[in-house]
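Let me begin by presenting the structure, written as structure tokens, before commenting on it.
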Amino acid sequence: MTVIEWIKAASVLGAGMSVGFAAIGAAVGEGYTAGKANEALSFRPNLVGEIMKTMLVGQAVAETAGIFGLVIAMLLLFSPVEGKSILTAWAYLGAGLSMGLSAIGCGIGAGLPAGTACQGIGRQPAVAGQLSTLMLIGSGVAQSTAIYGFLIALLLLYKQLPMEMNLIPAFSMIGAGLCMGFGGIGPGIGEGLAAGEAVSAVARNPLTVGLMTRTMLVGQAVSESTGIYSLVVALLLTLAV
117 MTVIEWIKAA SVLGAGMSVG FAAIGAAVGE GYTAGKANEA LSFRPNLVGE IMKTMLVGQA
177 VAETAGIFGL VIAMLLLFSP VEGKSILTAW AYLGAGLSMG LSAIGCGIGA GLPAGTACQG
237 IGRQPAVAGQ LSTLMLIGSG VAQSTAIYGF LIALLLLYKQ LPMEMNLIPA FSMIGAGLCM
297 GFGGIGPGIG EGLAAGEAVS AVARNPLTVG LMTRTMLVGQ AVSESTGIYS LVVALLLTLA
357 V
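Here the numbering used here runs 116 ahead of the position in the sequence shown, where the first position is 1.
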């Protein structure tokens, strides 16, 4: 195979991993939200408008990670390959892994507070606005490691690489993708769990909204730490080439 064929093969494989893995998390998160919305509507059908609105907004946030995966996949598929180094093939694989894997946890994590918000509105319709706001904050924070994965993927896509083949930079780029990809799964789900429980607590006792928001953000910040570690190591591996 020629260098161009290797790069094209890596680009299609990277694109498949990017959007394929990302679709897993987004679909699970959206399905969980819809399931909880149906559960809430079974005993509060008169709130169909408010619950449906919250469900759709929550699903849109959970879809964000899938959209990131789609963007990277499109960039991989339509990037020019002429005159590029064989190392570009390894960079493309790393980009697909970074984006696809990191999006799994974020899609699931974003769906958890959205689902509990739908349940909470069924329990406390008077504080629907507060529940939706808390849901959006929690879901937004849960998307952060997908953004890190997107950043690493872009760096790998557009990095200037030496023309000669060398296993160390090749494996460094794969390592960067795996590091950020796997490192983004846990924080995304963990932050979603924290946000979901905060929304549920406010639905039980609306007077605790300030306390729950602060506690949620502190908990999410701690959960985020391992994602930041992964980002730092992935950056070092990417920039070391």
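Glycine residues also receive a C-beta, built at the ideal position from the N, C-alpha and C atoms.
Between the beta-carbon of phenylalanine 137 and that of leucine 217 there is about 5 Å, and that keeps the pair under the 8 Å contact cut. Beta-carbon to beta-carbon, glycine 151 and serine 214 are separated by about 30 Å, too far to satisfy the 8 Å threshold. Measuring C-alpha to C-alpha distances from leucine 209 to each of Ile167, Met296, Gln175 identifies Met296 as the nearest.
In this structure, threonine 324 keeps its C-beta atom at 8 Å or more from the C-beta atom of valine 315. Alanine 176 is not a Cβ neighbour of leucine 272, given a cutoff of 8 Å. Restricting attention to Val349, Gly306, Lys200, the CA atom closest to the CA of valine 257 is found in Gly306. Going by DSSP, glutamate 179 is part of the alpha helix (DSSP H) stretching over 164-194. Within the same chain, and ignoring the five residues on either side of threonine 204 in sequence, the residues whose Cβ sits closer than 8 Å to its Cβ are Ile123, Ala126, Val197, Leu277. By the CB criterion at 8 Å, alanine 230 and methionine 168 fall outside the cutoff. Taking a cut-off of 8 Å for Cβ pairs, the region 232-246 and the region 176-189 do not touch, as fewer than three such pairs fall below it. Taken in chain order, the complete alpha helix (DSSP H) segments of 4 or more residues contained in the region 199-256 are 203-239. A Cβ-Cβ separation of about 4 Å places cysteine 222 in contact with glycine 304 under the 8 Å criterion. Where leucine 129 is concerned, the enclosing alpha helix (DSSP H) starts and stops at 119-159. One Cα belongs to leucine 228, the other to glycine 141, and the distance between them is close to 11 Å. In the DSSP assignment, proline 322 falls outside any alpha helix (DSSP H) and carries neither an H nor an E.
For leucine 273, the enclosing alpha helix (DSSP H) starts and ends at 260-273. Annotated three-state conformation of glutamine 336 is helix, per DSSP.
For methionine 328 against alanine 310, the beta-carbon gap comes to about 10 Å, at or over 8 Å, which does not count as contact. For proline 322, the closest alpha carbon among the candidates Ala269, Thr249, Gly147 is that of Thr249.
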